[in-house]
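Working notes, structure below.
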Amino acid sequence: MNFWLMKSEPNEVSIDDALRLGAAPWFGVRNYQARNFMRDQMRVGDGVLFYHSSCAEPGVAGVAEVASTAYPDATQFDPDSHYFDPKSTLENPRWMLVDVKATRKTRLLSLAEMRENPSLSSMVVLQKGSRLSITPVTPAEWKTIMQLLA
DNA sequence: GCCAACGTTGGC
DNA sequence: GCCAACGTTGGC
46 MNFWLMKSEP
56 NEVSIDDALR
66 LGAAPWFGVR
76 NYQARNFMRD
86 QMRVGDGVLF
96 YHSSCAEPGV
106 AGVAEVASTA
116 YPDATQFDPD
126 SHYFDPKSTL
136 ENPRWMLVDV
146 KATRKTRLLS
156 LAEMRENPSL
166 SSMVVLQKGS
176 RLSITPVTPA
186 EWKTIMQLLA
């Protein structure tokens, strides 16, 4: 079992939206490293920190889990979608995703609080210049965060 | 809105 | 394959 942090803009899909949706495709990832994490490393049942980004209070807002293995992101084929990719074909899709199921909303563990905690200082998402929307979380980091959110 | 940092594109 | 130019992310 692996652990992940996945960023979502709350004005697109917030933790409340995700809880209402249930298991839903994590569409719109257009970065190869993030795609590869979903395609190659995610397994059903992996733990996910649901992170709110590009908003007034960035931070972990809830907990979720990976709910499917990877399959093509339908939005890449839709000319009307913001995520349309003209270079992608049905036979050879570029972008894959997994379903993610939010399991609970937590208090907001802010980015600032995460930065203040020495035991989280090695988190990939906190590294200088890190912009990846999906990053791995170690079991120790996961445990620390679960305790902070308990 | 600013801007640092990183990723992608495309000419050569 | 190099790398300049451009685009995007995302915190502040």
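Our numbering numbers the first residue of the first sequence as 46 and each following residue consecutively. Built from N, CA and C at the ideal position, the CB exists for glycine as well.
Of GLY104, ASN81 and LEU142, the smallest CA-CA separation from LEU94 is found for GLY104. Scanning its chain for C-beta atoms nearer than 7 Å, with the 5 sequence neighbours on each side dropped, one finds around LEU135 the residues PHE122, in chain order.
By the CB criterion at 8 Å, VAL169 and SER175 fall inside the cutoff. For LYS146, the pairing in a beta bridge is given by DSSP as GLU110. Per DSSP, LEU94 lies in no alpha helix (DSSP H) segment; the continuous beta strand (DSSP E) that holds it begins and ends at 92-97.
Excluding residues up to 5 positions away in sequence, ALA115 and MET141 lie with their Cβ nearer than 8 Å to the Cβ of ARG84 in the same chain. Cβ-Cβ distances below 7 Å link LEU193 to LEU154 in the same chain, with the five nearest sequence neighbours on each side left out; the list follows chain order. PHE129 carries a coil assignment under DSSP once its states are collapsed to helix, strand and coil. Taking the CA atoms as reference points, TYR77 sits about 15 Å from ASN137.
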